[in-house]
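In this note's numbering, the protein residues as written are 3 to 76.
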């Protein structure tokens, strides 16, 4: 997901993810977020995801490889 900066801190991503998780009930479910993306990590944690590993991934928005956390729900 991506939200414009003007929408950060309003609970939009958390509510959207919570609604998604009500529809998609497959578990375990995995997510990835850049290690320095505190906002995304907080959204995932609020919805029950826990960090289960680290990896590297390509971040299009950053134009390169980034260190990521792998998170698991269920």
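Think of the CB as a built atom: it goes at the ideal place given N, C-alpha and C, for glycine as much as any other residue.
Query, Result
"Going by the CB atoms, is the gap between residue 31 and residue 75 shorter than 9 angstroms?", "yes"
"For residue 37, which of 68, 9, 29 and 52 has the nearest alpha-carbon?", "68"
"Does the distance from the C-beta atom of residue 18 to that of residue 72 stay below 9 angstroms?", "no"
"DSSP three-state call for residue 25: helix, strand or coil?", "helix"
"For a quick check, are the C-beta atoms of residue 41 and residue 13 less than 9 angstroms apart?", "no"
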